[in-house]
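Residue numbers (the working numbering): 14 to 196.
Next up, the structure:
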């Protein structure tokens with residue numbers, strides 16, 4: 014019994030040592046993932062983000078050189094997300110003719126993105142934002158570890174031209190294309 018009591022005491026002391034007191038100085042830097050910032054607004058510079066997409070293409074926001082929609086979505090192959098992505102796919106010829114890029118971002122991994130893209134024949138890149146770096150950089154809200162449905166239209170100048178915080182997946186692609194044509 015004394016061994017069990019010693020283990021319990023060690024456990025309690027460990028928990029107390031690893032727990033930040035309520036009155037601790039909040040200015041002390043903490044380790045771990047970056048905290049999300051406020052959602053970017055029109056006119057804000059685009060975050061300098063670069064990664065490899067599900068299909069092997071490098072996506073570098075700093076050098077897009079054309080209007081681009083970066084759309085955040087919660088989960089691959091779910092009803093709303095599929096509807097939204099398929100709408101971008103169905104309008105792909107119009108996006109290409111207007112020289113507007115499309116990039117999808119979710120916290121799903123590359124394998125999930127590959128399956129999703131293959132199943133629905135997507136030609137645009139999907140970013141696996143596993144650590145939420147892209148979502149945090151854009152200030153996209155999270156729910157249950159997934160990004161909320163928010164899109165950003167980026168102008169040729171590398172600044173946010175428009176933010177779509179309340180997206181209707183059925184009509185969103187047409188709305189973005191119309192706004193991109195006005196840039």
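No residue lacks a Cβ here, since even glycine has one placed at the ideal position from N, Cα and C.
Check whether the Cβ atoms of residue i and residue j lie closer than 9 angstroms to each other.
i: residue 126; j: residue 73; result: no
i: residue 152; j: residue 53; result: yes
i: residue 173; j: residue 80; result: no
i: residue 165; j: residue 84; result: yes
i: residue 135; j: residue 98; result: yes
On a CA-only basis, which of the options is nearest residue i? Give me that one, please.
i: residue 181; options: 108, 101, 55; result: 101
If we ignore side chains and look at the alpha-carbon of each, how far apart do residue i and residue j end up?
i: residue 163; j: residue 86; result: 7 angstroms
i: residue 106; j: residue 190; result: 11 angstroms
i: residue 94; j: residue 147; result: 18 angstroms
i: residue 176; j: residue 159; result: 19 angstroms
i: residue 155; j: residue 195; result: 30 angstroms
i: residue 59; j: residue 188; result: 21 angstroms
State the DSSP-derived secondary structure class of residue i, mapped to helix, strand or coil.
i: residue 63; result: strand
i: residue 86; result: coil
i: residue 93; result: helix
i: residue 73; result: strand
Counting Cβ pairs, one atom from each stretch, are 3 or more of them under 8 angstroms apart for the segment 119-139 and the segment 56-71?
Verdict: yes, contact present.
Count Cβ pairs between the segment 141-161 and the segment 108-115 that sit closer than 8 angstroms; are there 3 or more?
Fewer than three Cβ pairs drawn from the segment 141-161 and the segment 108-115 lie within less than 8 angstroms of each other, which leaves the two stretches out of contact.
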